[in-house]
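*Asks:* Could you have a look at this structure, given as structure tokens, before my questions?
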Amino acid sequence: MKEVYTLEDLSSRDLLDAGAAKPARLAVIGYPVAHSASPQMHQPALDAAGIDARYIRLEIEPGRVGEAFALMRELGFIGCNVTVPHKLDAMAACGGVHPEARVLGAVNTVRFDRDMTRGFNTDGPGFARAIEDEFQVEFASLRVAIVGAGGGAGGAIATQGCLSGVSKLVLVNRTREKLVPLTERLGGIRPESEIVALSFDDVALEEQCLSCDLIVNTSSVGLKPGDPSILPAGCLKKEHLVYDTIYKPAVTPLLAIATETGCRTANGLSMLIHQGALAFQHWFPGSEPLPVMKRALHAD
Ligand code: ATR
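For what it's worth, the numbering used here labels the leading residue of the sequence shown as 5, then goes sequentially.
Spelled out as structure tokens, the structure:
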């Protein structure tokens with residue numbers, strides 16, 4: 005058994021399943037993919053449900069997603085998760101794409117149905133569920149500030165905000181121009197939502213953050229040791245719910261100053277788990293993998 009498999013390993017069942025007790029029938033594809041925590045939660049969920057399948061990491065080079073899907077279909081895979089940088093290519097390689105995934109602009113979950121390959125997005129809905137689970141609130145009732153909204157994750161979460169029906173979105177990005185196409189797109193999805201786009205040096209930054217209920221960091225700031233907090237303390241108040249999509253480290257500088265301020269905080273582990281549980285339910289309708297997945301990632 006390997007930690008990471010490649011396209012070449014998909015050439016035969018013998019190669020793929022050498023030394024393994026169960027056949028590989030699910031995977032996460034990415035490039036790179038060695039860091040992915042998905043097998044750690046999906047395998048226990050498969051085992052707990054008594055499903056005879058192995059969940060593997062599959063490193064697929066950019067541009068070869070279609071090939072990988074064809075081989076996985078031939079081998080009788082049930083489906084796969086898709087991570088960076090393949091979420092757009094995966095959408096193009098699916099025969100059918102769920103409307104929500106189409107609006108979110110990415111496919112992170114694929115199911116190889118008999119008639120066609122179907123694509124879904126559980127990142128957006130998984131985020132909404134993570135917020136509701138962590139803070140016991142209705143996501144749709146919140147005014148939301150997204151910091152680092154110009155990146156892929158930020159755009160998806162902002163889009164989910166509109167799909168869920170939040171009344172206000174404050175989008176903050178270092179490069180403000182990156183917010184222009186996103187703001188236009190969001191206006192088309194839900195014109196009733198108030199959308200404010202700012203850069204970090206905007207005089208209205210503090211006031212706009214303070215007008216929100218939920219602050220979300222979707223930037224990469226906080227990943228590296230020595231990173232500063234993406235927002236200054238003046239942008240936070242104790243009533244804020246503060247969510248960082250980063251989960252390693254578990255406490256980012258933003259979450260540290262938020263805790264000092266008296267805010268309720270949570271990190272991205274819950275988002276990872278909820279998107280995973282929703283993906284599992286696309287493959288196995290009626291299953292309840294969430295408690296097992298939480299336990300597996302020590303999030304219960
Ligand atoms: P992804 O698409 O995976 O979310 P990304 O495109 O690299 O990743 O986006 C990362 C986000 O982090 C962007 O919003 C980026 O801001 P810019 O659009 O201005 O580049 C933000 N980001 C990265 N480093 C930053 C820094 N030092 N300060 C502020 N924002 C930063």
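Here a beta-carbon is modelled for each residue, glycine too, at the ideal position from N, C-alpha and C.
Since the structure is predicted, the reported quantities are computational estimates derived from the model, not experimental observations.
Quick check on the DSSP output: the beta strand (DSSP E) that includes T113 runs from which residue to which?
*Replies:* Start and end: T113 to F116.
*Asks:* Tell me, to the nearest whole angstrom, how far the beta carbon of I150 is from that of L175; I am working on the premise that it is less than 8 angstroms.
*Replies:* Rounded, the Cβ-Cβ distance is 6 angstroms, consistent with contact.
*Asks:* Is the region 89 to 108 in contact with the region 152 to 171, if contact means three or more CB pairs nearer than 8 angstroms?
*Replies:* In short, these stretches touch, since the Cβ pair count reaches three.
*Asks:* In this structure, how does DSSP classify L301 when only helix, strand and coil are distinguished?
*Replies:* If DSSP states are grouped into helix, strand and coil, L301 belongs with coil.
*Asks:* Excluding the five sequence neighbours on either side, which residues of its own chain have a C-beta within less than 6 angstroms of the C-beta of S233, listed in chain order?
*Replies:* Cβ within range, chain order: P257, L258 and I261.
*Asks:* How is the beta strand (DSSP E) around K91 delimited, first residue to last?
*Replies:* Unbroken run through K91 is the alpha helix (DSSP H), K91 to A97; no beta strand (DSSP E).
*Asks:* Please classify I234: does DSSP put it in a helix, a strand, or coil?
*Replies:* Three-state DSSP puts I234 in coil, outside helix and strand.
*Asks:* Looking only at its chain, what residues have a beta carbon closer than 7 angstroms to the beta carbon of G130, apart from the 5 residues adjacent to it on each side?
*Replies:* M275, H278, Q279 and L282, listed in sequence order.
*Asks:* Just tell me which of G290, A300, V255 and G100 has its CA closest to the CA of Q228.
*Replies:* Correcting the residue type first, residue 228 is Lys in the shown sequence and not Gln. Of the listed residues, the one whose Cα sits closest to K228 is V255.
*Asks:* Quick one: residues in its chain with C-beta nearer than 7 angstroms to the C-beta of G23, no 5 flanking neighbours on either side, listed in chain order?
*Replies:* Around G23: M5.
*Asks:* Report buried or exposed for E7, applying the criterion of at least 16 other Cβ atoms within 10 angstroms of its Cβ.
*Replies:* Exposed: under 16 other Cβ atoms inside 10 Å.
*Asks:* Does at least one heavy atom of the ligand ATR sit under 7 angstroms from the Cβ of T10?
*Replies:* For the ligand ATR, not one heavy atom lies less than 7 angstroms from the Cβ of T10.
*Asks:* CB of K380 to nearest heavy atom of the ligand ATR: below 7 angstroms?
*Replies:* For residue 380 there is no data in the structure shown, the boundaries of the chain being 5 and 304.
*Asks:* May I ask you to report which of helix, strand or coil DSSP gives P8?
*Replies:* The sequence given here has Val at residue 8, not Pro. Coil, per DSSP.
*Asks:* In the DSSP output, which residue or residues are listed as bridge partners for V86?
*Replies:* Answer is I33, bridged to V86.
*Asks:* Given S203, which residues of its chain have a CB within under 6 angstroms of its CB, disregarding the five upstream and five downstream residues?
*Replies:* So the qualifying residues of the chain are R180.
*Asks:* Using the rule of at least 16 other Cβ atoms within 10 Å of the residue's Cβ for burial, across every protein chain shown, is P43 buried or exposed?
*Replies:* Buried, by the Cβ-count rule.
*Asks:* Is A157 a contact residue of the ligand ATR, with contact defined as CB to any heavy atom under 7 angstroms?
*Replies:* Answer for A157: yes, Cβ within range of the ligand ATR.
*Asks:* Taking the CB atoms as reference points, tell me whether L235 and L146 lie closer together than 8 angstroms.
*Replies:* Against a cut-off of 8 angstroms, the Cβ pair of L146 and L235 comes out as no contact.
*Asks:* Could you pull the DSSP bridge partners for V358 from this structure?
*Replies:* Residue 358 is absent from the structure shown; the chain starts at 5 and stops at 304.
*Asks:* Considering only DSSP beta bridges, list what A270 is partnered with.
*Replies:* Paired residues: Y247.
*Asks:* How about F288 and A52: do their beta carbons lie closer than 8 angstroms?
*Replies:* Their beta carbons are not under 8 angstroms apart, which means F288 does not touch A52 by this criterion.
*Asks:* With a threshold of 7 angstroms (Cβ to nearest heavy atom), would N177 be considered close to the ligand ATR?
*Replies:* Yes, the beta carbon of N177 sits closer than 7 angstroms to at least one heavy atom of the ligand ATR.
*Asks:* Three-state secondary structure (DSSP) at F124?
*Replies:* Three-state DSSP puts F124 in a strand.
*Asks:* Taking DSSP as the reference, what is the three-state secondary structure of E138?
*Replies:* Residue state, collapsed to three classes: helix.
*Asks:* Output the distance between the C-alpha atoms of V101 and T265, rounded to the nearest integer angstrom.
*Replies:* So the alpha carbons of these two residues sit roughly 43 angstroms apart.
*Asks:* Flag T126 as yes when its Cβ comes closer than 7 angstroms to any non-hydrogen atom of the ligand SAM, and as no otherwise.
*Replies:* Among the ligands in the structure shown, the ligand SAM does not appear; only the ligand ATR can be found there.
*Asks:* Taking all protein chains shown into account, do 16 or more other C-beta atoms lie within 10 angstroms of the C-beta of T263, making it buried, or fewer, making it exposed?
*Replies:* Exposed, by the Cβ-count rule.
*Asks:* Out of curiosity, what's the CA-to-CA distance linking V184 and E196?
*Replies:* C-alpha separation (whole angstroms): 18 angstroms.
*Asks:* Give me the Cβ distance between L62 and H46, rounded to the nearest whole Å; I'm assuming they're in contact under 8 angstroms.
*Replies:* Actually they are not in contact, since the Cβ atoms of L62 and H46 sit about 13 angstroms apart, beyond 8 angstroms.
*Asks:* Taking R58 as part of the alpha helix (DSSP H), name the residues at either end of that continuous run.
*Replies:* R58 -> not in any alpha helix (DSSP H); beta strand (DSSP E) instead, spanning R58 to E63.
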